[in-house]
Structure formats: C-alpha cells, structure tokens
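Novice: Residue numbers (the working numbering), protein chains in the order written: chain D, 120 to 231; chain W, 77 to 192. We put the CB at the ideal spot given by N, CA and C, even for glycine. In this text, all values refer to a predicted model and were calculated from it rather than measured experimentally. This is the structure I want to talk about, given as structure tokens.
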Amino acid sequence: GQQLNQSPQSMFIQEGEDVSMNCTSSSIFNTWLWYKQDPGEGPVLLIALYKAGELTSNGRLTAQFGITRKDSFLNISASIPSDVGIYFCAGHVNQAGTALIFGKGTTLSVSS
Amino acid sequence: GAGVSQSPRYKVAKRGQDVALRCDPISGHVSLFWYQQALGQGPEFLTYFQNEAQLDKSGLPSDRFFAERPEGSVSTLKIQRTQQEDSAVYLCASRQGRVGYGNTIYFGEGSWLTVV
C-alpha cells in the first residue's frame, strides 16, 4: 500500500531554533495534513493543504504542498518548550477522502 | 458533544477475550474513522463509515475485527479472540462531511488496549 516517508525520525533542538521536517511519497496525494500528538492524546490538526504548491501558515508554523504532489514540508520557527511532541504528516490519496495515510512521525524535543 | 469521545480509555484483556471499543463522534458528523496506532508508529487506517454505511474496511487486519455504526452516530469496534499483536491505541475520528476545504478530521484521545 501507499507509504509516507517522514524525516527526520527525531530532533533535539534548543529553544528559539527553527525546525524543518518533511514527508515524501511514491504516490500522488490530493491533500497533505500535518498533525501534532502529545502523550496520551489523539492527533490534533495543525495545517491542512489542498492544492499543489500551496503554502500555508498557522502562527509560527508554515507548511507547503509540493508541486509534484508527492511531498510536503513543515517548518516551525522560534521553537518553544511546548512544541515538544510527535509530528505526523498525513494525506489522502483519493478524492473520496476515506483512508488517511500517516507517516511514522518526527519526535521533537526542545531544551530551554 | 464538544469532541470525539472514546471509551474505555484503557483496557487490559486476556488473550482470547473479546473486546468492544466505543466511539461517540462529534454531533452531526457524517464521517467516522477507526485507526490503530502501535507504539512508536503513526496511526494506520482500519475502516470508514459515512453515516451508517461502512464504505471502506480495507484496513481491518483480520476477520476478528468488526466495526459497526447502526444508527449513523455511535460506533463500536469489536475485536474477537484478542491476540498480543492487537495491543495498540485505537483512535476514532470524525468529520463533518467529505474531504475538502474546512472539513477537518477530529480525533478522539484513543482507547489503549493491552492484551496479556
């Protein structure tokens, strides 16, 4: 089945640093979504992308839907301790929007 | 309700036991999803309902897994004869309509199943 390759697997950064993570796929995706999951919680949507080339910001977060529709990146600027968590990329491969495919996640640790 | 509610939050089952996990989606949401998340992995799709119709069950790992949503609201995921590899977090999610702008998928906190 479809797979999303998410990298890096983990990051250890200092507070105030910028962060970048990305996802690639062998298949074309119709949507790209970025989620954050805290321990013991379900994933929470951060940014949704629906068009190839789309660049969207949500506060300190910026994400882009790649032109080839096979990749996306998420940037976090000026990281703070509460950014700690696991970040997942996810996407729909079909217009019906049934199965949402997730990457394996990027674990972010921020030291103050 | 205000969000997707799942119960029980934690379940320990003996191998071979049947379990039932409940999901209360956001009121009025027509789409409902079940996902399985193993430790250290991303969620993996199990099944999808649009109202009471189960339109996609391609992710159910075996015929021991069964999901229903008889009245188009509450859903139950049933696992028969549980095995240790079934240990995971089972996430339920709902969406107001079809995919597209503004149709966000909201996740519950998950039901943590441990099979011993």
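1) Could you compute how far the alpha carbon of ALA143(W) sits from the alpha carbon of LEU168(D)?
2) With burial defined as no fewer than 16 other Cβ atoms inside 10 Å of the residue's Cβ, what is the status of ILE195(D): buried or exposed?
3) Give the straight-line distance between the Cα atoms of GLN133(D) and LEU227(D), rounded to the nearest whole angstrom.
4) Going by C-alpha to C-alpha distance, which of SER231(D), LEU174(D) and TYR154(D) sits closest to GLN183(D)?
5) Classify ILE155(W): buried if its beta carbon has 16 or more other beta carbons within 10 angstroms, exposed otherwise.
6) Taking only the alpha-carbon atoms, compute the straight-line gap between ASP202(D) and VAL95(W) and give it to the nearest angstrom.
7) Check for me: the beta strand (DSSP E) holding HIS211(D) runs from which residue to which?
8) Which chain W residues sit within Cβ distance under 9 Å of GLU160(D)?
9) Any idea if PHE131(D) is buried or exposed, counting beta-carbon neighbours within 10 angstroms, 16 or more meaning buried?
10) Tell me whether the beta-carbon of SER126(D) lies closer than 9 Å to the beta-carbon of THR225(D).
11) Across the stretch 123-142 of chain W and the stretch 152-171 of chain W, are there enough close Cβ pairs to call them in contact, namely three or more that are closer than 8 Å?
12) First and last residue of the beta strand (DSSP E) that includes ALA169(W)?
13) Can you check whether the C-beta of LEU152(D) is within less than 9 Å of a C-beta belonging to chain W?
14) Which of the three DSSP states, helix, strand or coil, is assigned to SER201(D)?
15) What are the residues in the stretch 117-147 of chain W lying within 8 Å of chain D by C-beta distance?
16) Residues of chain D with CB under 8 Å from THR180(W), in chain order?
17) Any beta carbon from chain D within less than 9 Å of VAL80(W)'s own beta carbon?
Specialist: A quick look at the data gives this:
1) 30 Å
2) buried
3) 11 Å
4) LEU174(D)
5) buried
6) 35 Å
7) 204-211
8) PHE183, GLU185 and GLY186
9) exposed
10) yes
11) yes
12) 164-171
13) yes
14) helix
15) GLN117, GLY118, PRO119, GLU120, PHE121, TYR124, LEU131, ASP132, SER134 and GLY135
16) LEU164 and ALA167
17) yes
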